[in-house]
Amino acid sequence: AAALLEVRDLRVHFPIRRGILQRVRGQVRAVDGISLSLSPGRTLALVGESGCGKTTAGKAILQLLAPTAGSVRLAGRELTDLTAGELRPLRGTMQMVFQDPYASLDPRMRVGGIIAEGMAALGLKGDHRQLTERLLEQVGLAPEMALRYPHEFSGGQRQRIAIARALAVNPQILICDEPTSALDVSVQAQILNLLQDLQASLGLAYLFITHNIAVVDYLAHEVAVMYLGRVVEQGTVDEILRQPCHPYTRALIAAVPRIDGQRGEVLTVAGDPPSPAQPPTGCHFHPRCPEAMDICRRDYPGESRLSSSRGVRCHLYPGPD
Ligand code: SF4
């Protein structure tokens with residue numbers, strides 16, 4: 336299928352300001368040239384440790400944050416050169432579901448108002464009250480709940496409300512940023528099941544940002560692994576989880592938190608993640624890589640294509656030429 340979302344060489348660089356005069360001293364390359372593609376009805380997991388740039392990438396794809404360079408095409412339409420006014424009607428097509436359902440819902444608004452707000456903003460026609468009630472049912476909540484306030488709900492229920500709000504504007508893509516990591520494990524599974532059911536019934540595509548490999552295994556079709564602002568390996572979920580090639584991917588999978596894990600579990604790989612403000616020379620992973628060679632300290636590896644679906648950036652594999 337043709338890609339619904341096509342991201343090419345996306346970059347987000349932030350200036351670092353220091354001292355009382357706030358002079359610019361260098362920059363952080365939070366996202367440094369990533370390319371992704373997402374087809375209708377599919378789930379692409381964007382995986383990596385915290386601080387690898389995955390959330391920044393999600394925001395830049397949504398144009399919530401202006402990319403420094405690169406291309407984001409939604410159904411063939413380039414988003415990066417649209418004005419705010421031109422973007423507005425497209426806002427409905429891509430919606431974000433955030434990590435923290437406590438912070439993302441306005442506590443002063445009734446649930447019905449929260450869900451209908453986007454419909455009104457985009458000028459969607461129809462009976463908003465009726466649509467809201469139908470959406471609540473679709474996410475497993477009673478229609479009467481439209482009259483209540485967010486504080487009357489549990490974390491899992493709030494995430495259902497946030498999903499209903501996202502669905503209210505008929506999106507084709509949901510960008511889900513760790514949508515279950517603030518929830519108890521039993522509730523996590525319910526929300527993942529809900530997302531899976533919605534994908535089957537509505538044909539939604541998901542860009543699923545997560546550090547949790549168990550969640551990737553459960554939900555994803557394709558996987559892109561990020562390290563320090565770049566995608567170091569991508570492929571189908573089977574390729575990446577069953578036969579990881581990049582030493583970083585292998586380390587991530589070896590560090591899989593058990594599904595019985597406590598809340599807030601964090602993926603860890605031996606050694607400290609380096610600062611994106613001062614990335615190591617050559618392959619950024621070399622200070623932590625058990626297989627590092629001389630060339631790794633010198634040259635950033637180009638992408639080697641290992642199959643039609645799979646690419647890896649590591650000097651252990653034959654180069655791009
Ligand atoms: Fe390790 Fe070298 Fe591959 Fe980087 S390029 S992951 S340092 S082997």
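At the far end of the sequence shown sits residue 656, using the UniProt record's numbering, and the numbering has no gaps.
We put the beta carbon where it would ideally sit given N, CA and C, even for glycine.
The DSSP assignment places 358 to 373, 378 to 382 as complete runs of the beta strand (DSSP E) inside the segment 344 to 400, in order along the chain (cut-off: 3 residues). In this model, Leu-576 and Val-342 are separated by some 23 Å (Cα to Cα).
The beta-carbon distance between Ala-627 and His-621, rounded to whole angstroms, is 4 Å. This is short enough to meet the 8 Å contact definition.
Proximity to Ala-605 across Arg-358, Ser-642, Glu-384 peaks at Glu-384, based on C-alpha coordinates. The beta carbons of Arg-426 and Leu-457 sit closer together than 8 Å. With a cut-off of 7 Å, the C-beta of His-546 is classified as distant from the ligand SF4, since no heavy atom of the ligand falls inside that distance.
At least 8 Å separates the beta-carbon of Arg-565 from that of Leu-529.
The residues Val-572, Leu-576, in chain order, have a CB closer than 8 Å to that of Asp-552 in the same chain once the five nearest residues on each side in sequence are set aside. If you draw a straight line from the Cα of Thr-616 to the Cα of Gly-386, it is about 18 Å long. CA-CA distance, Ala-540 to Gly-376, rounds to 4 Å. Between Ala-404 and Arg-346, the gap from beta carbon to beta carbon is short of 8 Å. Ranked by Cα distance from Pro-625, the first of Ala-499, Asp-462, Ala-586, Glu-479 is Ala-586.
A straight line joining the alpha-carbon of Met-454 with that of Arg-445 spans about 15 Å. If you draw a 10 Å sphere on the C-beta of Lys-389, you find 16 or more other C-beta atoms in it, and that means buried. Cβ-Cβ distances below 6 Å link Thr-467 to Gly-447, Ile-450, Ala-451, Ala-481 in the same chain, with the five nearest sequence neighbours on each side left out; the list follows chain order. For the pair Gln-531 and Pro-424, the Cα-to-Cα distance works out to about 27 Å.
For Ser-374, the CB contacts under 8 Å within the same chain, skipping 5 residues up- and downstream, are Ala-336, Ala-337, Ala-338, Leu-339, Ala-540 in chain order.
When Gln-613, Ser-610, His-581, Pro-614 are compared, the shortest CA-CA separation from Cys-649 is found for His-581. Distances between the C-beta of Cys-624 and the heavy atoms of the ligand SF4 include at least one below 7 Å.
For the alpha helix (DSSP H) assignment, the uninterrupted runs of no fewer than 4 residues enclosed by the segment 474 to 541 are, from N- to C-terminal side, 490 to 502, 520 to 537. By the 16-neighbour rule on beta-carbons within 10 angstroms, Lys-460 is exposed. For the pair Ala-524 and Leu-537, the Cα-to-Cα distance works out to about 20 Å.
The beta carbon of Ala-612 lies closer than 7 Å to those of Ile-351, Gly-361, Val-363 in the same chain, with the five residues before and after it left out. Taking C-alpha positions only, Leu-651 is separated from Ser-644 by approximately 19 Å. When C-alpha distances from Ala-589 are compared across Gly-354, Glu-413, Ala-549, Phe-488, the shortest belongs to Ala-549.
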